[in-house]
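Input: a single structure, listed below in structure tokens.
2 protein chains.
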Amino acid sequence: METEYAGELELLGEAECLALLTAHDVGRVAMIVDGQPVIYPVNYVVDKNSIVFRTNWPILAHASLALLAFQIDSVDVGRQSGWSLMVQGMGHDITDALDSASEHLQAVPVSPWVPGPQPRLLRLIPWTISGHRFRGHQA
Amino acid sequence: METEYAGELELLGEAECLALLTAHDVGRVAMIVDGQPVIYPVNYVVDKNSIVFRTNWPILAHASLALLAFQIDSVDVGRQSGWSLMVQGMGHDITDALDSASEHLQAVPVSPWVPGPQPRLLRLIPWTISGHRFRGHQA
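Protein chains in written order, with my numbering: chain R, 1393 to 1531; chain W, 1393 to 1531.
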């Protein structure tokens, strides 16, 4: 069975990752809930090197002061090409925080498309950012 | 600060989730590595109710006999609408398995676009499938 795949892979630098993050506003956050990974889509805003999104209490319980992964990608199915990047870091509930960085972020507009109460503002402070562009062998 | 968001949310049934899974071939898998969630995009195939994708040894160490989340979505940014679904279950390395179900899945063509060695075939057996359609208030 063939297990080596042809194609092209190019690592993205941190600056390019940050530019892609800033240019988009829908991503996916993964957290650990009862020992299992879960993935939720979120509307987000990047401010400097923080990723900010709104969430509800049940999710917050697993996302604040917890290690998170955040991922965005763009895929062209027809051309079998695209890019993907991942941020890892810790989530901080800054809804009621009084420090100046949090007060600045509290004024950033983040409007989820999913209806319902999302009273908590979560800040993901990245520790690592990595990404790559890829192109399949049929491209 | 406004924290209740308008819009529409419709839960997807399991049959609709399976139909969407079958109709797509690029998703994202989350696993836990050293206590941290990570998210990787993968090319996948659905066969009956198994999700099958290829992977490499480093990832396999965290994905086989481990709890995984698998997610796909489709978002229309302009209309602020889309859908998202998540599968949770356990990953099984079936590369060398001799049971009839695994032998059947070993013949299913799964071709990653990302180049390089991906010698292991992973089967995700779903325990739960859930999803929703959403539409933002500006749609």
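Glycine included, C-beta positions come from ideal geometry on N, C-alpha and C. The model shown is predicted, which means the values in this text are computed figures rather than measured ones.
Closer than 9 Å at the beta carbon, the chain W residues around residue i
i	result
Gly-1427 (chain R)	Ile-1424, Leu-1459
Chain R contact for residue i (CB, 7 Å cutoff)
i	result
Thr-1447 (chain W)	no
Thr-1395 (chain W)	yes
Val-1502 (chain W)	no
Val-1467 (chain W)	yes
Gly-1523 (chain W)	no
Gly-1528 (chain W)	yes
Presumed contact (8 Å Cβ cut-off) between residue i and residue j, rounded CB distance
i	j	result
Arg-1527 (chain R)	Glu-1400 (chain R)	4 Å
Gln-1480 (chain R)	Thr-1520 (chain R)	5 Å
Leu-1460 (chain W)	Gly-1427 (chain W)	At roughly 16 Å, the Cβ-Cβ gap does not stay under 8 Å, so Leu-1460 (chain W) and Gly-1427 (chain W) are not in contact.
Ile-1431 (chain W)	Gln-1498 (chain R)	Not confirmed; about 27 Å, so no contact.
His-1524 (chain W)	Trp-1475 (chain W)	7 Å
Ala-1455 (chain R)	Ala-1422 (chain W)	So it is not a contact: roughly 14 Å between Cβ atoms.
Ala-1477 (chain W)	Leu-1412 (chain W)	One point to set straight first is that residue 1477 (chain W) is Leu, not Ala, in the sequence displayed. So it is a contact: roughly 6 Å between Cβ atoms.
Amino acids of chain W, ordered along the chain, whose beta-carbon sits closer than 8 Å to that of residue i
i	result
Ala-1398 (chain R)	Pro-1507
Closer than 7 Å at the beta carbon, the chain W residues around residue i
i	result
Ile-1431 (chain R)	Arg-1420, Ala-1422, Ile-1431, Ala-1461, Gln-1463, Met-1478
C-beta neighbour in chain W for residue i, strict 7 Å
i	result
Pro-1511 (chain R)	yes
Val-1438 (chain R)	no
Per-residue contacts from residue i into chain R (C-beta, under 9 Å)
i	result
Leu-1401 (chain W)	Val-1506, Pro-1507, Gly-1508
Unbroken beta strand (DSSP E) runs of length 3 or more, entirely within the region 1405 to 1446 of chain W: which are they? The region 1405 to 1446 of chain W contains, as complete beta strand (DSSP E) runs of 3+ residues, the segments 1418 to 1425, 1428 to 1439 (chain order).
Restricting to runs no shorter than 3 residues, where is the beta strand (DSSP E) found entirely within the region 1443 to 1528 of chain W? The region 1443 to 1528 of chain W contains these whole beta strand (DSSP E) runs: 1459 to 1468, 1473 to 1485, 1512 to 1528.
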